[in-house]
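Please read the structure below before turning to the comments.
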Amino acid sequence: MSEIYDIGYRHYDGPRLGRGHTTRALTVHSLRGVFGLGRPARSKLVPFSLAAIMVLPAIVSIAIMALMRREGMSYSGFAVIMQAVLAIFLASQAPTVVAPDLRFRVLPLYLSRPVTITEYVGAKVVAMTVALYALIAVPLTLMFAGELLVDLPGPPRTKEYLGAMLTGLLLAVLLAAFGLAIASLTPRRGLGVASVIALYLLASASVPIMYSTLLSAGDEDAARWAWLINPFWLVDAVQVWVFGTTPNSEGGYPDGPVSFVIVVLLIAAAVAALALRYRKAASR
Amino acid sequence: MHILDTEGLTKRFPTVTALDGLTVTTGPGVTGLVGANGAGKSTLIKILLGLLPPTAGGARVLGLDVTTRGADIRRLVGYMPEHECLPPDVSATELVVHLARMSGLPRTAARERAADVLRHVGLAEERYRPIGGYSTGMKQRVKLAQALVHDPKLILLDEPTNGLDPRGRDEMLTLIRRIGAEFGISVLVTSHLLGELERVCDHVIVIDAGRLLRSSAIGEFTQATRSVTVEVDEGTQALADRLAELGHGVAPHGRMLLVEVTGPDTLDAIRDATADLGLCLIRLERGRQRIEDVFKETAGV
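Structure (structure tokens):
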């Protein structure tokens, strides 16, 4: 036996930390899971490749600014242009956050501890939000740092950068809540990946079709609404409304706070769906 | 202080009554909770963890009320579920460290405790490998380790011997005995086999259809139905006749005989009878009382 001596059972009389600590630990644990940290190299491949793809435009943009002395990619359009990569990241990684605990029934091990279901779900949503936000915010910040260093003629686009950072956060919350809600419906990871990506494809493929159909019918106002079906353009519409940026869609968006109201309603719906799903899972 | 006490504890689900006016108290040590499948054992454990509100009556664990102090109870209690609950792609160490932190232990303490506890349950080098490749016995040890990692005052073990082979079962029971006796942690362990709990428990509670059948110290149990199983190579009938002649209660049980023990002289009589008849004695074993016997007994009263 490998045991040399048996010093017997020792009791623990150190500190027992409160809810803040456990929730934070769970958030960090889930966030590490999103990027496959502490997992085999295979689990890191997809998230880190996608993160690298997100950074590429930032590098190209810096190169353009430095070599050609003109403005690079716009900050406000970054998320919309990179939407496919973000969607793939959400689809592939959201199920890794929620599916294993449901599939392998790990949940009771959490709930028999001082962790409540609300804290559990909250930690998962925060972790996914932080992961998505990192994918948006890191390239934006790189570009902005590049712009400051290159020192282009004219003032830096600070307002546009900050606006994009804030809208990016809103987008990350929306995507995380929605992606997790869908992924939590099935304990199977593969199915979760497929459902999220299918929903995204549906939302993005239907937009141009609806837009052009309505446009050819001569209804330009209704056509603008079509953009709001896709979450990336929906959040872009919020950005246009709040920060007055140039729309990244053909023909612009409906005016006013309607897009923001839709985003808030969608986030609320996704969180409610998650709460319901987990209340059911907890009672098993 | 009572480790746990329930009073008129009742839990009704839309279609079934899982617990029906259960009043029971237990002290420190190892307590067995015995009942057939569906007797209400798992429901009782969920109520004791404060995860399921009782329909009527009340329960307290370590003096804390389950309906109002659930979170405090879960801080002091460890729980080993009956079903599989381990993710396959993480190692035992990783999982147990993480769950220790979920119980509020700081990072370094969580690591130390996880290493300690995994050693105590008997997981050596394999604890660094993903759980997916573990045997059932090893998985049960991991489940037990996560219930112990935060050094609880009480652990609730739901069918810990389920699915184990006889050797694994023995090892698990020995471990449970050690937890109760050496670690000084009170244990509530459920099983549908009274026989196996006999060895490790100080106290046994038998429930059926959510009602208390019996709650008593283990000594009273074994005294009440003391019998031995006797197996001889040949001449089972001859031995039975001889013992019956001597006035002992004998009942055939397959190829074996069940003999009622009224005192030490019964065992002497069995020994002498086999020797006189020149039989080859294969087995002389103290009868393991099964749950059915308690049911029969209670029905008879």
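Residue numbers (the UniProt record's numbering), protein chains in the order written: chain A, 1 to 284; chain B, 1 to 301. Ideal placement from N, C-alpha and C gives every residue a C-beta, glycine not left out.
P81 of chain B has a beta carbon lying within less than 7 Å of a beta carbon in chain A. Relative to the Cα of A226 of chain A, the nearest Cα in the group A:G218, A:R157 and A:Y253 belongs to A:Y253. A residue is called buried when at least 16 other Cβ atoms come within 10 angstroms of its Cβ; V34 of chain B meets this threshold and is buried. Ranked by how close their Cα comes to the Cα of R107 of chain B, the residues B:H253, B:D116 and B:V97 have B:V97 in first place.
In terms of CA proximity to H248 of chain B, B:P264 leads the group B:P264, B:D233 and B:E234. According to the DSSP assignment, I205 of chain B belongs to the beta strand (DSSP E) that extends over H203 to D208.
Exclusion of the five residues before and after A282 of chain A leaves L107, L111 and I117 as the residues of its chain whose Cβ lies within less than 7 Å of its Cβ. Taking C-beta atoms as the reference points, M128 of chain A and V97 of chain A count as a pair closer than 7 Å. For M172 of chain B, the enclosing alpha helix (DSSP H) begins and ends at P166 to A181.
S42 of chain B: not part of any beta strand (DSSP E); member of the alpha helix (DSSP H) spanning K41 to L48, first to last residue. The continuous alpha helix (DSSP H) containing P47 of chain A extends over residues A41 to M68. Contact between I185 of chain B and T31 of chain B is ruled out by a C-beta separation of about 12 Å, above the 8 Å threshold. Judged by pairs of C-beta atoms under 8 Å, the stretch 102-119 of chain B does not touch the stretch 57-72 of chain B, as fewer than three such pairs exist. Residue B:G27 holds the alpha-carbon nearest to the alpha-carbon of H203 of chain B among B:G27, B:L239 and B:P14. With contacts defined by Cβ atoms closer than 7 Å, I45 of chain B and D158 of chain B form a contacting pair. With respect to chain A, the C-beta atom of A92 of chain B has no partner C-beta closer than 7 Å. Under the three-state reduction of DSSP output, H21 of chain A falls in the helix class. Residue burial annotation: G8 of chain A is exposed, with fewer than 16 other C-beta atoms found within 10 angstroms of its C-beta.
A25, L26 and H29: these are the residues of the stretch 23-36 of chain A whose beta carbon lies less than 8 Å from some beta carbon of chain B, given in chain order. Of the candidates A:Y200, A:F232, A:A94 and A:G77, the residue whose Cα lies closest to the Cα of T246 of chain A is A:G77. Within chain B, not a single residue places a beta-carbon under 7 Å from that of L166 of chain A; the smallest gap is close to 33 Å. The beta carbon of R113 of chain B falls within 7 Å of a beta carbon belonging to chain A, placing the residue at that interface. Straight-line spacing of the CA atoms in H192 of chain B and N37 of chain B works out to 7 Å. DSSP places L191 of chain A in the uninterrupted alpha helix (DSSP H) bounded by R189 to S216. Proximity of G104 of chain B to chain A, defined by a Cβ-Cβ separation below 7 Å, is satisfied. From the beta-carbon of P100 of chain A, the residues of chain B found nearer than 8 Å are P87 and D89.
Note: T186 of chain A is not bridge-paired with any residue in the DSSP secondary-structure output. Interface residue (Cβ-Cβ distance to chain A less than 7 Å): L118 of chain B is not classified as such. Within chain A, the residues whose beta carbon sits less than 7 Å from that of Q146 of chain B are L109, listed in sequence order.
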